[in-house]
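**Student:** Below are the structure tokens for one structure; questions will follow.
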Amino acid sequence: MKKILFILSSFIALTAGAQTAEEIIQKYSANIGGLEGYTKAKTAKLSGTISVQGNELPITVQIVNGKSVRSDIDAMGTMIISVYNNGKGWKQNPFAGATTPTDVTGGELNELKSQSFLAPSLMDYKGRGHQVELLGQEDVEGTKAFKLKLTNKDDTKVTTYYIRTSDYLVIKSETERDMGGQSMVVETWYSDLKEVEGLKFFTTRTMKAGGQEFQAIKFDSIVLNGSVDEKIFDMPR
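Numbering (my numbering), first residue to last: 10 to 246.
Written out as structure tokens, the structure is:
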């Protein structure tokens with residue numbers, strides 16, 4: 010009888026302590042400002058540097074929330090431009106052979122689309138039609154984390170998020186990407202949380218593949234609800 014009571018009490022304790030994916034996401038969302046706050050913001054302008062192969066290059070990202078995004082990287086006087094605008098995308102990257110504006114399609118377009126939203130995909134997964142699954146907990150370099158799998162509605166691409174159990178903040182995410190013709194798991198590590206008008210943003214994102222860092226973005230300035238000229242998103246003809 011005592012053994013049965015012990016098993017029952019243990020089961021009740023485990024059930025009471027278990028959390029669903031939705032509950033974890035709600036706590037994560039609340040800790041960085043909440044979905045409503047991110048949705049209300051109209052525009053954003055982020056300025057900083059991107060580090061690639063030992064070079065630090067200026068980067069500017071301008072967003073009309075949920076509609077458009079444009080990033081400009083100044084590579085020693087040569088501009089690398091990526092744009093998403095209301096369902097369509099274009100880019101100009103002379104280093105990749107695109108010396109004139111070129112249409113963006115497929116997975117690259119979906120990636121740009123996700124960047125047009127200020128709210129992280131995980132926070133607004135329901136509104137965007139994505140699917141989320143809790144895969145349990147995992148140790149991330151000595152830190153306990155919830156492991157959440159997000160499947161993108163547009164292309165079924167999977168991104169795995171690791172959320173610290175102690176404060177419900179994202180530590181890193183993982184997704185498969187084409188790296189020079191080879192599919193590799195790319196890790197994005199998030200750090201340097203900064204509050205702007207009640208919303209919290211990770212101002213440093215470090216990307217790794219095969220355990221090696223290959224890119225880091227650091228934003229020194231984030232301005233919300235400023236003026237953004239929407240003509241900058243139009244593809245030059």
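Every residue gets a Cβ at the ideal spot worked out from N, C-alpha and C, and that includes glycine. These figures come from a predicted structure and were not determined experimentally.
1. Alpha carbon to alpha carbon, how far is Ser175 from Asp229? Give it in angstroms, no decimals.
2. I think Leu208 touches Ala50, with their Cβ atoms under 8 Å apart; what is that distance to the nearest whole Å?
3. Straight-line CA distance for Gly75 to Asp133?
4. Would you check if the distance between the CB atom of Gly145 and the CB atom of Lys135 is smaller than 8 Å?
5. Does the region 157 to 165 come close enough to the region 106 to 120 that 3 or more CB-CB pairs lie under 8 Å?
6. Gly115 by DSSP, collapsed to three states: which one?
7. According to DSSP, simplified to helix, strand and coil, what is Thr174?
8. Can you name the residues that DSSP bridges to Gln71?
9. Could you tell me whether the Cβ atoms of Ile241 and Gln124 are closer together than 8 Å?
10. For the ligand SAH, is there a heavy atom less than 7 Å away from the beta-carbon of Glu206?
11. When burial is assigned at 16 or more other CB atoms within 10 Å of the CB, is Asn234 buried or exposed?
12. Just to confirm, are Glu204 and Glu183 a CB contact at a threshold of 8 Å?
13. Check each candidate in Leu127, Thr87, Val92 and Phe126 and name the one with the smallest Cα separation from Thr108.
14. CB-CB under 6 Å to Ala27, same chain, minus the five flanking residues each way: which ones, in chain order?
15. The beta strand (DSSP E) spanning Gln224 covers which residue range?
16. Consult DSSP for Leu44 and reduce its assignment to one of helix, strand or coil.
17. Let's test the definition: count the other Cβ atoms within 10 Å of the Cβ of Ala101 and tell me whether it reaches 16, buried, or not, exposed.
18. Do Ile226 and Ile89 count as a contact pair if the criterion is CB distance below 8 Å?
19. Do Trp198 and Thr215 count as a contact pair if the criterion is CB distance below 8 Å?
20. Could you please give me the residues that DSSP links to Arg246 through a beta bridge?
21. For a quick check, are the C-beta atoms of Thr48 and Val73 less than 8 Å apart?
**Tutor:** In short, the structure shows the following:
1. 27 Å
2. 7 Å
3. Separation of Gly75 and Asp133 (C-alpha to C-alpha, rounded to the nearest whole angstrom) is 11 Å.
4. no
5. yes
6. Helix at Gly115.
7. coil
8. Gln71 has Lys54 and Arg79 as its beta-bridge partners, per DSSP.
9. Their beta carbons are not under 8 Å apart, which means Ile241 does not touch Gln124 by this criterion.
10. The ligand SAH is not among the ligands present in this structure, which contains no ligands whatsoever.
11. exposed
12. no
13. Nearest Cα to Thr108 within the set Leu127, Thr87, Val92 and Phe126: Thr87.
14. none
15. Gln221 to Leu233
16. helix
17. Position check: residue 101 holds Gln in this sequence, whereas Ala was assumed. With 16 or more Cβ atoms within 10 Å of its Cβ, Gln101 is classed as buried.
18. no
19. In this structure, Trp198 lies closer than 8 Å to Thr215 by Cβ.
20. None; Arg246 has no bridge partner.
21. In this structure, Thr48 sits away from Val73, with a CB-CB distance that is not shorter than 8 Å.
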